[in-house]
Ligand code: BTN
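Below you can see the structure in the form of structure tokens.
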């Protein structure tokens with residue numbers, strides 16, 4: 002695990018203006034040696050960031066880049082007490098939070114620039130290139146039985162859509178936990194839960210949002226999109242994360258107080274599957290039907306060919322052409 006490094010953040014901030022910068026001048030401005038600058042540039046190259054290098058003019062980033070910066074995020078969030086660890090590199094932000102599970106039951110956030118083995122649902126990988134997207138996990142203790150938390154992943158999808166309102170319309174939730182834009186996946190949620198003997202429940206809520214990724218060198222096996230592709234703009238991840246944290250804590254509190262029923266109307270407004278014919282796949286079964294929304298447990302209501310409406314608690318959905 003590598004914790005976030007303010008020298009690296011500050012160097013990238015200088016380089017992010019699209020111009021060439023001389024190593025010695027940057028060193029002087031930041032009170033660092035030329036060797037320290039060179040080491041940081043080398044590290045960024047190892048993470049896959051590309052530079053133009055000129056012997057007379059110095060370094061220039063080939064693509065814009067802004068790193069996660071706790072100083073900027075803290076300025077914009079309402080809950081000033083929540084601990085946030087920002088890591089340069091980690092296997093998975095969900096895995097990072099596991100050892101903190103029994104620490105005084107208070108929430109904790111982890112963000113990373115890069116995940117070596119980002120985990121997706123159903124055993125898939127989550128492509129996590131350095132410095133481009135949001136890889137976020139929240140450890141949260143619910144004073145509720147695990148059976149009351151079945152709608153949690155739906156709430157997270159709604160929080161993402163709410164946060165993205167500032168970037169345009171047409172973001173939708175796709176049951177159970179995707180956020181999509183014109184049928185392409187923009188974000189996903191992986192929740193790992195553990196019921197405690199005292200009736201409470203520890204959840205690690207992992208969220209991946211494609212933000213500034215424009216190419217996919219790993220051949221992601223799903224149709225994907227990023228905010229940058231949608232808006233044609235390089236997105237400030239620090240402000241986006243702060244807005245997301247603010248909304249997330251509000252949505253989770255409302256969910257704790259009132260349950261999923263308080264969100265059913267909001268879900269209807271953004272439901273990508275409503276009245277669509279879909280295939281629902283589980284490990285050993287596949288069924289098709291027309292989606293009739295969700296129930297108060299967050300289950301998918303499907304109208305089958307014989308006209309019956311049946312509810313489903315899990316599965317992967319594909320819209321049929
Ligand atoms: C999905 O398959 O749709 C869920 C993707 C969840 C990815 C996020 S990124 C942050 C957190 N850490 C992980 O390893 N996975 C989740």
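In this note's numbering, the protein residues as written are 2 to 322.
Glycine included, every Cβ here is placed at the ideal spot set by N, Cα and C.
Please read these numbers as outputs of a predicted model, since none were measured by experiment.
Report the CB separation of residue i from residue j in whole angstroms; it is logged as a contact under 8 Å.
i, j, result
"residue 95", "residue 138", "5 Å"
"residue 159", "residue 268", "7 Å"
"residue 169", "residue 191", "In fact, because the Cβ distance is near 25 Å, the residues do not count as touching under 8 Å."
"residue 252", "residue 162", "Not a contact, Cβ separation roughly 11 Å."
"residue 175", "residue 303", "So it is not a contact: roughly 14 Å between Cβ atoms."
"residue 17", "residue 67", "6 Å"
"residue 10", "residue 80", "About 22 Å separates the two Cβ atoms, so there is no contact after all."
"residue 118", "residue 93", "6 Å"
"residue 106", "residue 82", "Not really, about 14 Å apart at Cβ, beyond 8 Å."
"residue 135", "residue 250", "Rounded, the Cβ-Cβ distance is 16 Å, inconsistent with contact."
"residue 140", "residue 172", "That belief does not hold up - the Cβ atoms of residue 140 and residue 172 are roughly 26 Å apart, past 8 Å."
Using the Cα positions of residue i and residue j, report the straight-line distance between them to the nearest angstrom.
i, j, result
"residue 157", "residue 188", "10 Å"
"residue 301", "residue 34", "58 Å"
"residue 31", "residue 152", "48 Å"
"residue 131", "residue 48", "6 Å"
"residue 2", "residue 91", "5 Å"
"residue 309", "residue 321", "19 Å"
"residue 204", "residue 75", "23 Å"
"residue 36", "residue 43", "10 Å"
"residue 116", "residue 306", "43 Å"
Hey, is residue i close to the ligand HEM, as in C-beta under 8 Å from one of its heavy atoms?
i, result
"residue 179", "No copy of the ligand HEM occurs in the structure displayed; its ligands are the ligand BTN alone."
Secondary structure at residue i, three-state DSSP: helix, strand or coil?
i, result
"residue 124", "helix"
"residue 148", "helix"
"residue 214", "coil"
"residue 7", "helix"
"residue 305", "coil"
"residue 141", "strand"
"residue 197", "coil"
Here's a check: name, in chain order, each residue in its chain whose Cβ is nearer than 7 Å to the Cβ of residue i, leaving out the five neighbours to either side.
i, result
"residue 316", "281, 282 and 283"
"residue 53", "61 and 63"
"residue 133", "212, 213 and 214"
"residue 278", "289, 291 and 321"
"residue 247", "78 and 79"
"residue 313", "281, 300, 301 and 303"
Between which residues of its own chain and residue i is the CB-CB distance below 6 Å, once the five residues before and five after are set aside?
i, result
"residue 186", "179, 223 and 225"
"residue 12", "41"
"residue 196", "147 and 202"
Using a Cβ-Cβ cut-off of 8 Å (strictly less than) and excluding sequence neighbours within five positions of residue i, which residues of its own chain qualify?
i, result
"residue 39", "24"
"residue 287", "280 and 281"
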